[in-house]
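Below: one structure, written as structure tokens.
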Amino acid sequence: MGFPNAMEEQLAPWADKVVDSALQVLEKKGLVVPQEPVKNQLAARPGITVHGQRTHFSADLARGFLSRYCKCHPFAPPAGFSLSTIAHAHHLVDLEGNLRPITLAEIEQGARLVDALADWRISGSAPGIPQDIPPPLQGLAQLIAGAKNCRSYPTCAPRSDLKAEPYVAECYRVLGLSSSPGVHLVSPLRFEGQEVELALHRCELEPEVAVGVGTMPVLGVSSPASVLGGFVVAMAEVLGGGMIFETIGAPVEKLGLWVNAYPFDMRHGTFVYGSPANVICTLMERELNRRLGIEITAKSFNVTAQHPGPQACAQKGLFTGLMAAHGKRLFSGGGSLSVDEVFSPVQLIYDREIFSYIERVSLMYEESLEESLLLAEEILADDSRSFLEADSTARHFRKLQWDSEVFPARMLAQWEASGRPMEAEAATAEVRRLLNEHSYQLEEDKARALEEIYASARRALVE
Numbered sequence: 000m001g002f003p004n005a006m007e008e009q010l011a012p013w014a015d016k017v018v019d020s021a022l023q024v025l026e027k028k029g030l031v032v033p034q035e036p037v038k039n040q041l042a043a044r045p046g047i048t049v050h051g052q053r054t055h056f057s058a059d060l061a062r063g064f065l066s067r068y069c070k071c072h073p074f075a076p077p078a079g080f081s082l083s084t085i086a087h088a089h090h091l092v093d094l095e096g097n098l099r100p101i102t103l104a105e106i107e108q109g110a111r112l113v114d115a116l117a118d119w120r121i122s123g124s125a126p127g128i129p130q131d132i133p134p135p136l137q138g139l140a141q142l143i144a145g146a147k148n149c150r151s152y153p154t155c156a157p158r159s160d161l162k163a164e165p166y167v168a169e170c171y172r173v174l175g176l177s178s179s180p181g182v183h184l185v186s187p188l189r190f191e192g193q194e195v196e197l198a199l200h201r202c203e204l205e206p207e208v209a210v211g212v213g214t215m216p217v218l219g220v221s222s223p224a225s226v227l228g229g230f231v232v233a234m235a236e237v238l239g240g241g242m243i244f245e246t247i248g249a250p251v252e253k254l255g256l257w258v259n260a261y262p263f264d265m266r267h268g269t270f271v272y273g274s275p276a277n278v279i280c281t282l283m284e285r286e287l288n289r290r291l292g293i294e295i296t297a298k299s300f301n302v303t304a305q306h307p308g309p310q311a312c313a314q315k316g317l318f319t320g321l322m323a324a325h326g327k328r329l330f331s332g333g334g335s336l337s338v339d340e341v342f343s344p345v346q347l348i349y350d351r352e353i354f355s356y357i358e359r360v361s362l363m364y365e366e367s368l369e370e371s372l373l374l375a376e377e378i379l380a381d382d383s384r385s386f387l388e389a390d391s392t393a394r395h396f397r398k399l400q401w402d403s404e405v406f407p408a409r410m411l412a413q414w415e416a417s418g419r420p421m422e423a424e425a426a427t428a429e430v431r432r433l434l435n436e437h438s439y440q441l442e443e444d445k446a447r448a449l450e451e452i453y454a455s456a457r458r459a460l461v462e
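Residue 29 in numbering that gives the first Met the number 0 sits at position 30 of the sequence shown; the count goes up by one each step and never skips.
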């Protein structure tokens with residue numbers, strides 16, 4: 000929707016100030032870089048100075064890097080709406096409403112459900128990390144569960160175990176897919192952690208591998224307690240991280256940078272998704288990430304509710320609708336509860352309805368208003384028929400129609416005549432229908448090869 004928006008005009012100059020402040024932070028405070036071989040390479044580059052574990056980047060060097068990066072990554076708006084599903088759940092709310100640790104069989108079923116929703120522009124893979132699998136194998140098991148049951152790119156959420164990495168890489172090779180390391184620097188301003196070590200290891204093996212660099216500063220915890228302060232830390236981290244990977248040999252055109260910042264509830268000591276502060280953070284990340292040539296997903300379907308129902312739907316609907324009105328088209332967190340700790344098949348159906356509704360509103364706003372003006376001729380026509388019988392109604396009513404089996408447009412008498420159906424029952428029935436009708440399976444030879452890789456990993460890592 001292209002609603003007039005004074006807020007975006009106000010955010011642009013603040014985004015410029017965030018970038019300028021981040022360059023100052025990189026020059027005056029720098030990043031902690033504990034890896035000696037990396038520091039040695041950095042110290043040899045003009046514009047970089049190393050003092051102990053802290054590495055400083057001149058503002059001119061950082062500005063030049065940002066300019067080169069942006070030339071390689073011009074912004075292109077998303078082609079349309081999409082919703083990606085959860086991938087990090089360790090619990091499940093099942094169809095009977097029970098909350099329990101999620102198992103391998105349940106994430107396989109979740110992958111089938113996600114695949115069955117592809118026609119609604121919903122994508123994803125296995126929605127959780129199987130708790131009945133030993134930790135060294137959890138990511139590998141998740142990847143294989145997704146690949147065997149879903150056509151989307153298979154997720155391997157816990158991707159930080161160097162010993163498991165060769166088996167993960169071999170799975171992607173069997174599937175004919177590429178994979179690249181994604182790094183979240185440790186806030187504030189630290190180039191370290193398991194993801195960094197994994198990325199450095201991959202860069203040693205494949206000097207031109209693509210590397211994604213993001214951050215997760217938490218307002219008032221690992222960054223200043225302000226939205227702009229959080230994004231200054233985030234921008235300094237991704238620019239510094241990008242320059243480090245460039246220095247050790249990663250091509251700028253194969254880097255991917257994005258920023259975000261996250262609010263924190265000081266009363267409960269938790270991440271807060273779906274809050275007013277989270278909304279403002281998402282508006283600011285959109286403005287800043289456009290400068291980096293990317294639109295990342297709005298995590299508007301990640302909320303703090305622990306159970307499918309009113310709180311989850313209200314937060315998801317309000318947040319997603321507002322982001323769509325501000326031009327967001329990519330969303331994530333489908334089926335999630337408790338931020339991303341819990342997967343709920345019923346909530347995923349609710350989320351499908353919310354997402355489809357908001358997509359329809361946006362498309363109607365963009366496409367229908369001008370066309371509707373042409374209908375004045377129908378009003379002026381000398382026609383004794385009612386509009387219900389008019390040719391224009393037959394031509395156009397479907398564009399106005401909105402149908403939902405889960406949230407149907409019934410009045411009281413119609414609802415009672417239908418047996419007083421409740422939305423939870425309808426959503427549960429829809430889950431069962433989609434699973435019963437789903438038929439996709441990975442090719443037998445590839446599935447067998449993946450199982451052989453898993454068996455080898457089990458012998459090497461657990462037995």
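The beta carbon of each residue, even a glycine, is placed where N, CA and C say it ideally should be.
Figure out for me which residue from ALA233, VAL195, MET215 has the closest Cα to the Cα of ILE247. VAL195
Roughly how far, in whole angstroms, is the beta-carbon of ILE101 from the beta-carbon of HIS90, given that I think they are within contact range, below 8 angstroms? 6 angstroms
Alpha carbon of ALA11 to alpha carbon of LEU287, nearest angstrom: 8 angstroms
Just the Cα atoms here: how many angstroms apart are LYS70 and GLU462? 50 angstroms
Three or more C-beta pairs under 8 angstroms: does that hold for the stretch 210-218 against the stretch 164-174? no
Taking MET234 and VAL251 to be in contact with their CB atoms under 8 angstroms, please state how far apart those CB atoms are, rounded to whole angstroms. At roughly 17 angstroms, the Cβ-Cβ gap does not stay under 8 angstroms, so MET234 and VAL251 are not in contact.
Can you tell which of PRO307, GLN305, LYS315 has the C-alpha that lies nearest to the C-alpha of ALA297? LYS315
Taking VAL226 and SER179 to be in contact with their CB atoms under 8 angstroms, please state how far apart those CB atoms are, rounded to whole angstroms. Going by Cβ atoms, the distance from VAL226 to SER179 rounds to 30 angstroms, so no, they are not a contact pair.
Give the DSSP bridge partners of PHE263, in chain order. PHE270
Alpha-carbon spacing of ARG431 relative to LEU184, whole angstroms: 41 angstroms
Quick one: residues in its chain with C-beta nearer than 8 angstroms to the C-beta of VAL467, no 5 flanking neighbours on either side, listed in chain order? For the chain, the structure presents residues 0 to 462; residue 467 sits outside this window and is missing.
Determine contact between the stretch 271-282 and the stretch 297-311, defined as no fewer than three beta-carbon pairs at a distance below 8 angstroms. yes
Selection from ASP118, GLY51, LEU161 that minimises the alpha carbon distance to ASN39: GLY51
Quick check: what's the CA-CA separation for LEU434 versus LEU112? 6 angstroms
Who does GLY255 pair with in a DSSP beta bridge? GLY211
Please tell me whether VAL220 and VAL24 are closer than 8 angstroms, where the distance is taken between their beta carbons. no
According to DSSP, ALA88 sits in a beta bridge with which residue or residues? GLY127
So is SER385 buried or exposed if we call it buried at 16+ other beta carbons inside 10 Å? exposed
What separation, rounded to the nearest whole angstrom, lies between the Cα atoms of THR269 and PHE263? 6 angstroms
If you draw a straight line from the alpha carbon of LEU321 to that of PHE80, how long is it in whole angstroms? 14 angstroms
Would DSSP call PRO45 helix, strand or coil? coil
Around the Cβ of GLN9, are there at least 16 other Cβ atoms within 10 angstroms (buried) or fewer (exposed)? exposed
Short Cβ contact (8 angstroms threshold) for VAL338 with ASN277: no
Going by alpha carbons, who is nearest to ASP350 out of LEU82, LEU22, ARG44? LEU82
Is the Cβ-Cβ distance between LEU103 and ALA146 less than 8 angstroms? no
I want to see whether chain B comes within less than 8 angstroms of CYS280, judged by CB atoms only; does it? Looking for chain B here will not work: only one protein chain is present.
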